[in-house]
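Visitor: Pasting a structure below so you can have a look.
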Amino acid sequence: MLIFLARRILSTVPVLVIVALIVFLMLRLAPGDPAAAIVGDSGTSENIAKVRGQLGLNESLPTQFVRWSGQLLQGNLGESYFMKKTVVELIGQRIEPTVSLAAVTLVVTILIAVPLGVVAAWRHGGWLDRMLMGFSVMGFSIPAFVIGYVLIWIFALHLQLLPVQGYSRLSQGPWLWIRHLILPSITLSIIYVALIARVTRAAVAEAMTEDYIRTARAKGISEKRVLMRHALANAAIPIVTVIGIGIALLIGGVVVTETVFAIPGLGQLTVDAVLSRDFPLIQGITLFFSVVYVLINLLIDLSYLVFDPRIRY
Amino acid sequence: MLSKRNLKAVVVGAMLAAAFATTSAFAQDAGKVLRLVPQSDLKILDPIWTTAFITRNHGYAVYDTLFGVDEQGKVKPQMVDKYTTGADGKTWTFTLRKSLEFHDGKPVTSEDVLASLKRWGQRDGLGQKMYAALDKAEAVDANTFRLVFKDSFGMVVDALSKPSSNPPFIMPARVAATPADKQIDDATGSGPYIFKKDEYRPGEKVVYLKNTRYVPRTEAPSGTAGGKNVYVDRMEWIILKDAQTQANALANGEVDMIEWLPPEQYTALKNNAAITVDNPIPKGSFALHLNHIIPPFDNPKIAQAAIMAINQEALMRAQMVHKELYNSCASVYPCGTAFSSDKTGYFTGKPQFEKAKALLKEAGYDGKPVVLMYPADFALLNKFPPVMAQLLKQAGFNVDMQSMDWPTLVTRRAKKDPVDKGGWNLFITGWGIADNMNPMFYAPLTGNGEKGWFGWATDDKLEQLKSEFLASADEPRRKELATAIQQRVYDTGIYAPIGEYKPLTAYRKGVVSGVVRSPVNVFWNIKKS
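Quick note, the sequences are listed as chains Y and Z, same order. Counting in this note's numbering, the first sequence runs from 262 upward without gaps. Counting in this note's numbering, the second sequence runs from 6 upward without gaps.
In structure tokens, the structure reads:
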């Protein structure tokens, strides 16, 4: 087990190096110059050239990469070109809204999707199954920003029950916190509900055809217990896998949702950094997301030990 | 007695009721809090280091200036109590108002003023000119300082009151000692608001507290001059980038004010009885900028032909949509301001395709495509280029309109290379009234070649006229010079205005009042009920 963990953690190193190199090169080769944005509209070419020099952007690409890698090895992600703040500090400021949004979305998704999938499998081919799957197709098809704006119109502008935008930190009170997360997390969860409900339905429906289900029924166990203790437990691995993938996909999803609801999280920070060509910040966020992605995958692999005792690492 | 199950239901019910209580917590204020959506995110805190408008606005909140300009653009003393000019016009002596204090409690002294002006003079274009003309700047005592010029310099108070980037904000000497090419990280000023550094979250929120020790002038507020009274305890800049989200947040009472209302939200908010749509800044303008360092606009006749293609009405209608939000103006200065003039030569703001074609023929235009940069992502500008491209085609140009995002455009416009190596020929951008109300404030109005603004026109005559303008303090003479400068702009084909727009501010009716008329948005004097 420990060897497995060590091997997995070590295997992340080349992944991160490749990610770092690709992001570094893509940013340097893409059009756009942070110095021009820093100087502003009334600045001159002379001022831009000066700022470029100060930022070290006139150095050769290998020199810039070596300098940045050296900083990274010392655990330093650098400083934003625009704000006099370190990348770590900026990520730290924005992590809470994103983690909150992702966590609430995940809870909402699991609470809705798994029961939906189980019920659809149980009533396989029936009207309930068709309705649920129809909803699932709809969830896949409607873009998150459309859902977001419709929810805002109904619940914030029309009914005035919830805020249109923003985020309230947990330290400001749990109710304010949850109020600001209800609409964004519903918006973001719809596509994941659709995805996870479909996978759950397929996995449970397959498990329901197994001999041990027939045996359980023959022993007179209630249908609810058959579904939950026998079918769902045995269908857990694909469901957990797809939930894990869903968490990784959430990273992309929060960018759109945070923009629609003006949530000051990592998604918005990424968009801002890209639009202003804040290279250290983009590189830092990308690396951070890569580490999160790798860790989630590791946790999914480890969770198999819990759901299927036959698995050994 | 409640069963365990019922107790759970009661608790959950109470929690939900609290969560969904219709009285929104976000609509309530502890103390007077003004929540406004600024024009963009505040990322850079140094108003001398960058020319970004949002940083300038931050500067007006936190710092004070020696002089201000009223809503008509007239210079008025601000931190200065009185000033005198020597008989030769070369020596200027200024005395500061009493009770001026920085946010750290220390008094504002001549030493602070001179250090701040020195730093500004290294960075700002007009400041550089002023310092080039300066013989010495010295403190007479803690409250009095003197500027002695080598020759007559007519723009002293205009420079010290420069309303837009970069205004000469006064900082403590210890902060102003920061090299001009390095960003400051200390926002201690002596202005009406105190920057709350511990609550500063770029991309989310910028917080200012009322400076309770600020002593405002007794005159009524007007522009960047007059009494800077603060009637709220706290001002929060809520960063919302999406136009729809801004409008929704205002309609829902989550913010009190939007500094720059995007034109696409105009109709919706104008028809909302709870919202006031106002324009405290009288106007702004857009301009077509040409690159004079490479063909074909290195030939003034071809540049003039491009300017003759401009149809201000068509361009402005496409961009601003609503007729009440724009007007034509052929002057390079905002129409109705001190230096505006109808002596615009051949330029009328209306298309003259036949004349343009004749000029192109005479100049020997070779038909090579001219690259018009098209910032497709920038809603405030992105309707112009397709219309401009069509107008240029009608005038006989071969046009290559290249789509890009705004950050790419601002990078590319700094390139002096030919178009096949990443250069450019034309682009359109906007300016505030504070930027072009005076020829010495207007960044693109340069004829000093590669040292000038993007486009790098070379015109010694223009530079000569500007030098004369700098030296003159006589208003009628200045007006003449400003008109002559305008004529040079059109003769050389440096750039041309494509119309004026009304910058809109929206706020909650009956909640927000006292918004100051000004060439730039300022946030003192605002009352919240």
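Quick reminder that beta carbons are idealized off the backbone N, C-alpha and C, glycines included.
Enumerated in chain order, which unbroken segments of the alpha helix (DSSP H) with a length of 4 residues or greater are wholly contained in the segment 109-183 of chain Z?
Guide: 115-128, 130-138, 161-165 and 178-181
Visitor: Report the three-state DSSP secondary structure of residue 422 of chain Z (helix, strand or coil).
Guide: Residue mapping note: residue 422 of chain Z aligns to position 417 of the second sequence, counting from 1. Correct three-state label for residue 422 of chain Z: coil.
Visitor: Locate the beta strand (DSSP E) running through residue 264 of chain Y, then write down its first and last residues.
Guide: Indexing the first sequence from 1 puts residue 264 of chain Y at position 3. Element bounds for residue 264 of chain Y: not the beta strand (DSSP E) but the alpha helix (DSSP H), 263-290.
Visitor: Which partner residues of residue 89 of chain Z appear in the DSSP bridge assignment?
Guide: As a working note, residue 89 of chain Z is residue 84 in the second sequence. Residue 89 of chain Z is bridged to Z/98.
Visitor: Can you give me, in chain order, the residues of the segment 297-320 of chain Y that have a beta carbon less than 7 Å from any beta carbon in chain Z?
Guide: Cβ contacts with chain Z come from 297, 298, 299, 300, 301, 302, 303, 304, 305, 306, 307, 309, 311 and 315.
Visitor: By Cβ distance below 7 Å, which residues in the same chain neighbour residue 192 of chain Z in space, the five residues on each side in sequence not counted?
Guide: Numbered from its first residue, the second sequence carries residue 192 of chain Z at position 187. If we look at residue 192 of chain Z and ignore the five residues flanking it on each side, its Cβ neighbours are 50, 67, 200 and 202.
Visitor: The beta strand (DSSP E) that contains residue 408 of chain Z, what's its start and end?
Guide: In the second sequence, residue 408 of chain Z corresponds to position 403, counting from 1. It spans 404-409 - the beta strand (DSSP E) in which residue 408 of chain Z sits, taken as one unbroken run.
Visitor: Can you pull the chain Z residues whose beta carbon is under 7 Å from the beta carbon of residue 210 of chain Y, in chain order?
Guide: Because chain Y in this structure spans residues 262 to 574, residue 210 of chain Y falls outside the shown range and cannot be described.
Visitor: Run down chain Y in chain order and give the residues with a C-beta less than 8 Å from the C-beta of residue 586 of chain Z.
Guide: Given that chain Z is displayed from residue 6 to residue 534, the structure contains no residue 586 of chain Z and the question cannot be resolved.
Visitor: Mind listing the chain Y neighbours of residue 206 of chain Z? Cutoff is C-beta to C-beta under 7 Å, in chain order.
Guide: The count along the second sequence starts at 1 and reaches residue 206 of chain Z at position 201. What residue 206 of chain Z touches in chain Y: 354 and 525.
Visitor: Does the segment 253-261 of chain Z touch the segment 366-384 of chain Z, meaning 3 or more C-beta pairs lie closer than 8 Å?
Guide: Short answer: they don't touch.
Visitor: Measuring straight from C-alpha to C-alpha, what distance separates residue 436 of chain Y and residue 358 of chain Y?
Guide: In the first sequence, counting from the first residue as 1, residue 436 of chain Y sits at position 175. In the first sequence, counting from the first residue as 1, residue 358 of chain Y sits at position 97. Each residue's alpha carbon lies about 15 Å from the other.
Visitor: For the segment 515-533 of chain Y and the segment 422-429 of chain Y, state whether three or more C-beta atom pairs, one from each stretch, are separated by less than 8 Å.
Guide: yes
Visitor: With DSSP as the reference, please indicate the residues paired to residue 351 of chain Z in a beta bridge.
Guide: As a working note, residue 351 of chain Z is residue 346 in the second sequence. Answer by DSSP bridge pairing: none, since residue 351 of chain Z is not bridged.
Visitor: List the DSSP bridge partners of residue 294 of chain Z.
Guide: One-based indexing of the second sequence puts residue 294 of chain Z at position 289. Answer by DSSP bridge pairing, in chain order: Z/432 and Z/500.
Visitor: If the cut-off is 9 Å on Cβ atoms, which residues from the segment 259-278 of chain Z count as contacting chain Y, listed in chain order?
Guide: 259 and 260
Visitor: Examine the Cβ distances between the segment 294-310 of chain Z and the segment 379-395 of chain Z and report whether three or more of them are shorter than 8 Å.
Guide: no
Visitor: Identify which residue in Z/116, Z/222 and Z/408 has its Cα closest to the Cα of residue 383 of chain Z.
Guide: What you label residue 383 of chain Z is simply residue 378 of the second sequence in a count that begins at 1. Per the Cα distances, Z/408.
Visitor: If I measure Cβ to Cβ from residue 38 of chain Z and keep anything under 8 Å in the same chain, skipping five residues before and after, which residues do I get?
Guide: Taking the second sequence and counting its residues from 1, one reaches residue 38 of chain Z at position 33. Once the five neighbours on either side are set aside, the close Cβ partners of residue 38 of chain Z are 237, 238, 239, 240, 241 and 533.
Visitor: Pull up the distance between the alpha-carbon of residue 487 of chain Y and that of residue 468 of chain Y, whole angstroms please.
Guide: In the first sequence, residue 487 of chain Y corresponds to position 226, counting from 1. In the first sequence, residue 468 of chain Y corresponds to position 207, counting from 1. Here the alpha carbons of residue 468 of chain Y and residue 487 of chain Y stand approximately 10 Å from one another.
Visitor: Compare the C-beta of residue 345 of chain Y with all C-beta atoms of chain Z and state if any pair is closer than 8 Å.
Guide: Working through the first sequence from its first residue, we reach residue 345 of chain Y at position 84. Yes, its Cβ sits closer than 8 Å to a Cβ of chain Z.
Visitor: Quick one: which residues of the segment 35-48 of chain Z get their C-beta closer than 8 Å to a C-beta of chain Y? List them in chain order.
Guide: For the segment 35-48 of chain Z, the residues whose beta carbon sits under 8 Å from a beta carbon of chain Y are, in order, 46 and 48.
Visitor: Should the segment 440-458 of chain Z be called in touch with the segment 410-417 of chain Z, which here means at least 3 C-beta pairs below 8 Å?
Guide: no
Visitor: Check whether the Cβ atoms of residue 342 of chain Z and residue 442 of chain Z lie closer than 8 Å to each other.
Guide: For this step, residue 342 of chain Z is matched to residue 337 along the second sequence. For this step, residue 442 of chain Z is matched to residue 437 along the second sequence. Yes, they are a contact pair.
Visitor: What residues from chain Y crowd round residue 434 of chain Z, counting only those whose CB sits closer than 8 Å?
Guide: The residue you call residue 434 of chain Z lines up with position 429 of the second sequence. Those within 8 Å of residue 434 of chain Z in chain Y are 302.
Visitor: Who are the Cβ neighbours of residue 403 of chain Z in its own chain at under 8 Å, not counting the five residues just before and after it?
Guide: In the second sequence, counting from the first residue as 1, residue 403 of chain Z sits at position 398. Counting only Cβ-Cβ distances below 8 Å, and skipping sequence neighbours, we find 372, 373, 374 and 375.
Visitor: Helix or strand or just coil, what does DSSP make of residue 215 of chain Z?
Guide: Position 210 of the second sequence, counted from the start, is the residue given in the question as residue 215 of chain Z. The answer is strand: DSSP assigns residue 215 of chain Z an E or B state.
Visitor: Return helix, strand or coil for residue 306 of chain Z, following the three-state DSSP convention.
Guide: As a working mapping, residue 306 of chain Z is identified with position 301 in the second sequence. If DSSP states are grouped into helix, strand and coil, residue 306 of chain Z belongs with the helices.
Visitor: Would residue 514 of chain Y count as contacting chain Z if we go by Cβ distances under 8 Å?
Guide: Position 253 of the first sequence, counted from the start, is the residue given in the question as residue 514 of chain Y. With respect to chain Z, the C-beta atom of residue 514 of chain Y has no partner C-beta closer than 8 Å.
Visitor: Kindly indicate if chain A contains any beta-carbon less than 8 Å away from that of residue 239 of chain Z.
Guide: Here the protein chains are Y and Z, and chain A is not one of them.
Visitor: So that I know if they touch, is there some Cβ in chain Z lying closer than 8 Å to that of residue 517 of chain Y?
Guide: Residue 517 of chain Y sits at position 256 when you count from the first residue of the first sequence. Chain Z contact via Cβ: absent.
Visitor: Alpha carbon to alpha carbon, what distance is there between residue 209 of chain Z and residue 552 of chain Y?
Guide: To locate residue 552 of chain Y, count along the first sequence from 1; it is residue 291. To locate residue 209 of chain Z, count along the second sequence from 1; it is residue 204. Rounded to whole angstroms, residue 552 of chain Y to residue 209 of chain Z spans 25 Å at the Cα level.
Visitor: Under 8 Å between the Cβ atoms of residue 344 of chain Y and residue 334 of chain Y?
Guide: Residue numbering aside, residue 344 of chain Y sits at position 83 when the first sequence is read from its first letter. Residue numbering aside, residue 334 of chain Y sits at position 73 when the first sequence is read from its first letter. No, the Cβ-Cβ distance between residue 344 of chain Y and residue 334 of chain Y is not below 8 Å.
Visitor: I want to verify the contact list: residues of chain Z whose CB lies under 7 Å from the CB of residue 413 of chain Y, in sequence order.
Guide: Counted from its first residue, the first sequence places residue 413 of chain Y at position 152. Here the neighbours are 253.
Visitor: Would you call residue 58 of chain Z buried or exposed, if buried means 16 or more other Cβ atoms sit within 10 Å of its Cβ?
Guide: In the second sequence, residue 58 of chain Z corresponds to position 53, counting from 1. Result: buried.
Visitor: In chain Y, which residues lie less than 7 Å from residue 170 of chain Z when you measure between Cβ atoms?
Guide: Walking along the second sequence from the start, residue 170 of chain Z turns up at place 165. What residue 170 of chain Z touches in chain Y: 301 and 303.
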